[in-house]
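Single-structure report; data block below.
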Amino acid sequence: MRLTEFKDHQRELHHFQLRIGIAAAFVLAAFSLLLLRFVYLQIVQYDYYRTKAEDNRISIVPIRPNRGLILDRGGTVLARNYSAYTLEISPGKVNDLEKTINELETIVEIRASDRARFKRLMIEAKGAISLPIRTRLSDEEVARFAVNRYRFPGVDIQARLFRQYPLNELASHVTGYIGRINDRDVARIEEAGLGPNYKGTDHIGKTGLEQSYEGELHGVTGYEQVEVDSAGRGVRTLSRSSPTPGNNLVLTLDIRLQQVAEQAFGDKRGALVAIEPSTGGILAFVSRPGFDPNLFVDGIDPASWDQLNTSSERPMVNRALAGTYPPGSTFKPYMALAALELGKRTPQQTINDPGYFQFGNHRFRDDKPGGHGVVDMYKSIVQSCDTYYYVLGNDLGIDNIARFIGQFGFGAKTGIDVEGEATGVLPSQEWKRRRFKKPEQKKWYPGETISIGIGQGYNTYTPLQMAQAMAALANNGTIYRPHLVNYIENIGSGERSPIEPRIERTIRLKPENLEFIKRALAGVNIEGTGARAFAKAEYTSAGKTGTAQVVAIKQNEKYNEKNVAERHRDHALFIAFAPLESPKIALAVVVENAGFGARAAAPIAREILDYYLLGKHIPQPAAEAPGDESND
Amino acid sequence: MLGNLQQPLKNLWLSFTDNIDPPLFALALALLALGLITLVSAAQDTPARISSQVASILVALAVMWAVAQFQPQTMMRFAVPAYVLGLALLLAVALFGDVVNGARRWLNLGIVRIQPSEIMKIAMPLMLAWYFDKHEATLRLREYFVATLLLLVPVMLIARQPDLGTAMLVTAAGFYVIFLAGLSWKLLVGVLLAGCASLPFLWSLMHDYQRRRILTLLDPASDPLGAGYHIIQSVIAVGSGGLAGKGWLRGTQAHLEFIPERSTDFIFAVFSEEFGLIGNCLLLLLYLLLIARGLAIAANAPTFFARLLAGAVTLTFFTYAFVNMGMVSGILPVVGVPLPLISFGGTALVTLFFGIGILMSIHRHRKLVQT
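Residue numbers (our numbering), protein chains in the order written: chain A, 146 to 777; chain B, -7 to 363.
Structure representation (structure tokens):
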């Protein structure tokens, strides 16, 4: 009895010990699994995880360089930087953005527009390290946030440099503006291999010099190796390389002249380009209306953006650079010169102007009813006789015109140092063949040459091209490439790299022909169409008025300004240089839909020349942007 | 005079330490030491935790000593009352418990707040061991069925608090008793299959956060800043420790706060980062020896009750260690299970040393009932 009980007990114990053995085996297996996992993580994948941990720990913080300034030739600042506090969110480190922003709102003021901008930036600037929810914090707001900072991981205050255009609208088409880097900018930056240099940068030049000289203005980004904790806060700096600030641009532009010019336009639309003939340096570069580039720096609000883009005034179009206009009668001096150089006319040759030119069954009307009577070349320029040039155009033929006039740069990009230039159209048989598709349109009709003679028809040029051609004439045929920047200044070394005047080409012209044309242009301002605008001028000058048709006028119909919709009225043009003997300035003015060039454009030119040559009409100092502490 | 005094003192010491099993105690102390060393590093910005942990250790050791004084037979008498009390408290929690962090786990008794589910970690194996011991002679299918019922009722209550970690540990403890009691392999396989089959049902019972934890285990990168963050960062910590570790106090993942819960559930990530594979091997070895000692005690225990209890307590200890290390190294889902004797936290320490006390008592009284 006792024995069987004992045996039972023994059997049961064995049974139990077997189970314990199985459990032990299971424990061993489980721990082996763990061991395998540790070996895999800590030996096989060690390099991978070590790098991961280092990436966690070490943050390469780019230090953005200060952007270079833009100054006019006299040192007036057109674009600068000022420091302000920004409240920024690192989207990658914040779980619930909406909630965070709502909580931030209890500490600093966050307007609906701030939220809207932040949302837009989230889309535009994908992958940005941090984005501003509020800019330009007050000292009190900075202090309030600093106390509550612990509640907001991933949110921080940054001292940021903001771009500022202290002159607001003045010269806005020259400076252009900077804006947030968007997807397209990123693509361009990457393509140019500049990715690393733009790591800490979130703004880039979008238009004007800000865009064209981005490479000079931006500078070289510095880097700081920082040990960061899991909330992304810097614990200590491990190493640092300083950024190199961007270079300053010092322009050939004279900002006071620019202001005189912009004011002279009043609220009219149009463009003006003034060039120093002996260098190609741009003295004034006007496109009216302008815009306030400061609106773009922080990300423009949608209402302003809509307004700027849908306005029929089209303030965002740089008319001086990208606007193309028929030259009208300002084309005549070049036509006359072509005739002289090609031996098709002598100055003394006359025509009889009955007030029209009959070509086949089409009658090309002169501006002056009844005509100018007997007209020689001098009179044709001074009084701007259309009939003379209808006949001349017909005599020269389109290809001769195109070949000769083309030398002055019409219908070709000037190569100015700012992007966005339009080409314009210098018509020729070849051009028409390429331009049109249908065979009957490809053919050049001799009748078309006749309107070209007075600067109408297919030809359209930019105000910049017109000014360049005028400068070439003033300069006896030597064409300099126009440029806005005088020199680039390295802030560190103080070294200046001038943009050397560069001769684009020299047109071979007979001195006596040149002399004659100049004399005729001087006559315009003394006894011709420009005489009224240039009455009692204290300097000698050359000029030519122009009035360019916007819509064709039917046969037998008289153009009447009052009957034509404002946008269909003629453009007023004027080209000029002065002084006559040693030209210091050449310019072209286009005033859109303003009617006669003599009445609307020539007075603007007069104001400019008066100011530039005599220092008359000294304007009020340029307005400062309000409420900013400048520290540059 | 002195000699006269020495003998009684020696006797007193002997009687005091009589019930303490030296190997078990030494292993536990070694683990506690490793834990404190790691805690110094993990809790650098919360130094109060270190002294608090030392205090908890002293309390836990006292509990161990006290438990070791009891005879297994005495423990048997507590089995049913402990289980009933635990169950009652769990019901009370379900009805009047305090909600902390979205889970109803705590019961406010006016003076103290207790977590009744913790009681079940001991009461469950105690109860089942008692039950099997009572029916030792007539173990049939019915007994296993009743045992399973005894197990599942409190587990359900704990699971719906919800406290997946504790529910799992209690289930494991109960299952070990049933397994060691000799559940037939056929039934075992059947139960496992049934368990697998009920997974979709369990899934439907789970809370969203629990489902998310399991999904993120499968693909932590799917939610790198949300639920996957813990796993990703702790795995980086373990992996970047390499062979020899980054050195004590020099874990970057730990000190730059990339590791969440780094002094409690994720302390192993800190340990592993600073001491590397070598440290991990040492830790595994200590656990293995401790478990081996516990299983040896179970194998040599005199009664069915003692065997089952010792085996279950030891294997529960193993479960703690395995689940925690598996979770931190990214092969198991994130459940709230501390690393035994290492993680900061008094409750777990007391429970664990209660178990060690039981093992010591069983070992000390192994021959008494043998006759």
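No residue lacks a Cβ here, since even glycine has one placed at the ideal position from N, Cα and C.
If you're wondering where the values come from, they're calculated on a predicted model, not measured in any experiment.
Worksheet item: Which parts of the stretch 724 to 759 of chain A are runs of the alpha helix (DSSP H), unbroken and 4 residues or longer, counting only runs that do not cross its ends?
Response: Uninterrupted alpha helix (DSSP H) stretches at least 4 residues long and entirely within the stretch 724 to 759 of chain A occur at 742 to 745 and 747 to 754, given in chain order.
Practice prompt. Just the C-alpha distance for glutamate 815 of chain A and proline 627 of chain A, rounded to the nearest angstrom, thanks.
Written response: There is simply no residue 815 of chain A to check, as chain A begins at 146 and stops at 777 in what is shown.
Fill in: Beta-bridge partners of glutamine 370 of chain A, as assigned by DSSP
Locating residue 370 of chain A in the first sequence gives position 225, counting from the first residue. Looking at the DSSP assignment, glutamine 370 of chain A forms a beta bridge with A:Ile205 and A:Ser384.
Worksheet item: DSSP on glycine 515 of chain A, reduced to helix/strand/coil?
Response: Taking the first sequence and counting its residues from 1, one reaches residue 515 of chain A at position 370. Residue state, collapsed to three classes: coil.
Worksheet item: Among A:Ile427, A:Thr594, A:Val371 and A:Glu369, which residue has its Cα nearest to the Cα of methionine 480 of chain A?
Response: Taking the first residue of the first sequence as 1, we reach residue 480 of chain A at position 335. Answer by Cα proximity: A:Thr594.
Worksheet item: In this structure, does DSSP put alanine 721 of chain A in helix, strand or coil?
Response: For this step, residue 721 of chain A is matched to residue 576 along the first sequence. Alanine 721 of chain A falls in the strand class under three-state DSSP.
Practice prompt. Figure out for me which residue from A:Tyr590, A:Lys729 and A:Glu645 has the closest Cα to the Cα of glycine 505 of chain A.
Written response: On the first sequence, residue 505 of chain A is found 360 positions in, with the first residue counted as 1. Out of A:Tyr590, A:Lys729 and A:Glu645, A:Tyr590 has the C-alpha closest to the C-alpha of glycine 505 of chain A.
Worksheet item: Name the chain B residues that come within less than 7 Å of leucine 96 of chain A, Cβ to Cβ?
Response: Chain A is shown only over 146 to 777; residue 96 of chain A falls outside these bounds and no answer can be derived.
Fill in: First and last residue of the uninterrupted alpha helix (DSSP H) at proline 478 of chain A
Stepping through the first sequence from its first residue, residue 478 of chain A is reached at position 333. From DSSP, the alpha helix (DSSP H) with proline 478 of chain A extends over 477 to 486.
Worksheet entry | Cut-off 7 Å between Cβ atoms - residues of its own chain near isoleucine 289 of chain B, not counting five sequence neighbours on either side | Here residue 289 of chain B corresponds to residue number 297 of the second sequence, with the count starting at 1. Taking C-beta separations shorter than 7 Å and ignoring five residues to either side along the sequence, the partners of isoleucine 289 of chain B in its chain run Ala302, Leu351, Ile354 and His355, following chain order.
Practice prompt. Verify the CB distance criterion: does glycine 234 of chain B have a CB-CB separation below 7 Å to chain A?
Written response: Taking the first residue of the second sequence as position 1, residue 234 of chain B is located at position 242. Cβ-Cβ to chain A under 7 Å: yes for glycine 234 of chain B.
Practice prompt. Identify the contact partners of alanine 25 of chain B in chain A, using a Cβ-Cβ distance below 7 Å as the criterion.
Written response: Residue 25 of chain B sits at position 33 when you count from the first residue of the second sequence. Result: empty, since nearest Cβ-Cβ is about 21 Å, beyond 7 Å.
Worksheet item: Along chain A, which residues have their Cβ under 7 Å away from the Cβ of alanine 290 of chain B?
Response: For the purposes of this step, residue 290 of chain B is taken as the residue at position 298 of the second sequence. Simply Ile165.
Discussion item. For histidine 357 of chain B, tell me which candidate among B:Pro14, B:Leu4 and B:Gln65 has the shortest Cα-Cα distance.
Written reply: Mapped onto the second sequence, residue 357 of chain B falls at position 365. For the residues B:Pro14, B:Leu4 and B:Gln65, the minimum Cα distance to histidine 357 of chain B belongs to B:Gln65.
Worksheet entry | Neighbouring residues, chain A, relative to phenylalanine 314 of chain B (Cβ below 9 Å) | In the second sequence, the residue the question calls residue 314 of chain B occupies position 322. Here the neighbours are Val172, Ala175, Phe176, Leu178 and Leu179.
Worksheet item: Would you call the CB atoms of arginine 225 of chain A and leucine 242 of chain A closer than 7 Å?
Response: Numbered from its first residue, the first sequence carries residue 225 of chain A at position 80. Numbered from its first residue, the first sequence carries residue 242 of chain A at position 97. Their beta carbons are not under 7 Å apart, which means arginine 225 of chain A does not touch leucine 242 of chain A by this criterion.
Discussion item. Going by C-alpha to C-alpha distance, which of A:Gly592, A:Gly551 and A:Thr685 sits closest to tyrosine 535 of chain A?
Written reply: Residue 535 of chain A sits at position 390 when you count from the first residue of the first sequence. Ranking A:Gly592, A:Gly551 and A:Thr685 by Cα distance to tyrosine 535 of chain A puts A:Gly592 first.
Worksheet item: Looking at the unbroken alpha helix (DSSP H) that takes in phenylalanine 509 of chain A, where does it start and where does it end?
Response: Working through the first sequence from its first residue, we reach residue 509 of chain A at position 364. No alpha helix (DSSP H) contains phenylalanine 509 of chain A, which is instead part of the beta strand (DSSP E) from 507 to 510.
Worksheet entry | glycine 411 of chain A beta carbon near the ligand MN (any heavy atom closer than 6 Å) | Among the components modelled here there is no ligand, and therefore nothing to report on the ligand MN.
Worksheet item: Quick one, are the C-beta atoms of glycine 237 of chain B and glycine 268 of chain B less than 7 Å apart?
Response: The residue given as residue 237 of chain B occupies position 245 in the second sequence. The residue given as residue 268 of chain B occupies position 276 in the second sequence. Cβ distance < 7 Å, so glycine 237 of chain B and glycine 268 of chain B count as in contact.
Practice prompt. Please name the residue in A:Pro492, A:Asp284, A:Pro311 and A:Asn293 whose C-alpha comes closest to that of tyrosine 230 of chain A.
Written response: Mapped onto the first sequence, residue 230 of chain A falls at position 85. Ranking A:Pro492, A:Asp284, A:Pro311 and A:Asn293 by Cα distance to tyrosine 230 of chain A puts A:Asp284 first.
Worksheet item: Do you know whose CA, among A:Gly353, A:Glu369, A:Phe509 and A:Asp446, lies nearest lysine 264 of chain A's CA?
Response: Sequence index remark: in the first sequence, residue 264 of chain A carries index 119 (1-based). Selected option, being the one with the closest Cα: A:Asp446.
Worksheet item: When you check each C-beta in the stretch 269 to 293 of chain B against every C-beta of chain A, which residues fall closer than 8 Å?
Response: Answer in chain order: Leu269, Asn272, Cys273, Leu276, Tyr279, Leu280, Ile283, Ala284, Leu287, Ala290 and Ala291.
Discussion item. Can you tell me where the beta strand (DSSP E) holding tyrosine 625 of chain A begins and where it ends?
Written reply: Residue 625 of chain A sits at position 480 when you count from the first residue of the first sequence. Note, tyrosine 625 of chain A: beta strand (DSSP E), 623 to 625.
Worksheet item: In whole angstroms, what is the alpha-carbon distance linking asparagine -4 of chain B and leucine 4 of chain B?
Response: Residue -4 of chain B sits at position 4 when you count from the first residue of the second sequence. Residue 4 of chain B sits at position 12 when you count from the first residue of the second sequence. Taking the straight line joining both Cα atoms gives about 13 Å.
Worksheet item: Hey, is lysine 351 of chain A's beta-carbon within less than 7 Å of any beta-carbon in chain B?
Response: As a working mapping, residue 351 of chain A is identified with position 206 in the first sequence. Not one chain B Cβ lies under 7 Å of lysine 351 of chain A.
Discussion item. Quick check on arginine 647 of chain A: buried or exposed, where buried means 16 or more other Cβ atoms within 10 Å of its Cβ?
Written reply: Along the first sequence, one-based indexing puts residue 647 of chain A at 502. Arginine 647 of chain A is exposed by the Cβ-count criterion.
Worksheet item: For aspartate 37 of chain B, does the count of other Cβ atoms within 10 angstroms reach 16, so buried, or fall short, so exposed?
Response: Reading the second sequence from its first residue, position 45 is the one you call residue 37 of chain B. Its Cβ having fewer than 16 others within 10 Å, aspartate 37 of chain B is exposed.
Item to complete: Could you tell me whether the Cβ atoms of threonine 692 of chain A and phenylalanine 741 of chain A are closer together than 7 Å?
Response: Sequence index remark: in the first sequence, residue 692 of chain A carries index 547 (1-based). Sequence index remark: in the first sequence, residue 741 of chain A carries index 596 (1-based). Yes.
Discussion item. Quick check: the stretch 454 to 467 of chain A against the stretch 487 to 500 of chain A, are at least 3 beta-carbon pairs closer than 8 Å?
Written reply: No contact exists between the stretch 487 to 500 of chain A and the stretch 454 to 467 of chain A.
Discussion item. If I measure Cβ to Cβ from isoleucine 652 of chain A and keep anything under 6 Å in the same chain, skipping five residues before and after, which residues do I get?
Written reply: Taking the first residue of the first sequence as position 1, residue 652 of chain A is located at position 507. Short of 6 Å from the beta carbon of isoleucine 652 of chain A, and not among the five residues preceding or following it, lie these beta carbons of its own chain, in chain order: Gln552 and Gly622.
Worksheet item: Residues of chain A with a CB under 9 Å from the CB of phenylalanine 310 of chain B: which are they?
Response: As a first step, residue 310 of chain B is located in the second sequence; it is residue number 318 there, counting from the start. Near phenylalanine 310 of chain B (Cβ distances below 9 Å), the residues of chain A are Ala168, Phe171, Val172, Ala175 and Phe176.
Worksheet item: Where in the stretch 648 to 688 of chain A do unbroken runs of the alpha helix (DSSP H), each at least 4 residues long, occur, reported from the N-terminal end onward?
Response: As for any alpha helix (DSSP H) of minimum length 4 sitting wholly inside the stretch 648 to 688 of chain A, the runs are 656 to 672, ordered along the chain.
Practice prompt. Check glycine 321 of chain A in the structure and name its three-state DSSP category.
Written response: As a first step, residue 321 of chain A must be located in the first sequence, where it is residue number 176. The answer is coil: DSSP assigns glycine 321 of chain A none of H, G, I, E or B.
Practice prompt. Please state whether DSSP places glutamine 403 of chain A in a helix, a strand or coil.
Written response: In the first sequence, counting from the first residue as 1, residue 403 of chain A sits at position 258. Looking at glutamine 403 of chain A - three-state DSSP - the assignment turns out to be helix.
Item to complete: May I ask you to list, following chain order, the residues of the stretch 158 to 190 of chain B that have a beta carbon less than 7 Å from some beta carbon of chain A?
Response: Phe171, Leu172 and Gly174
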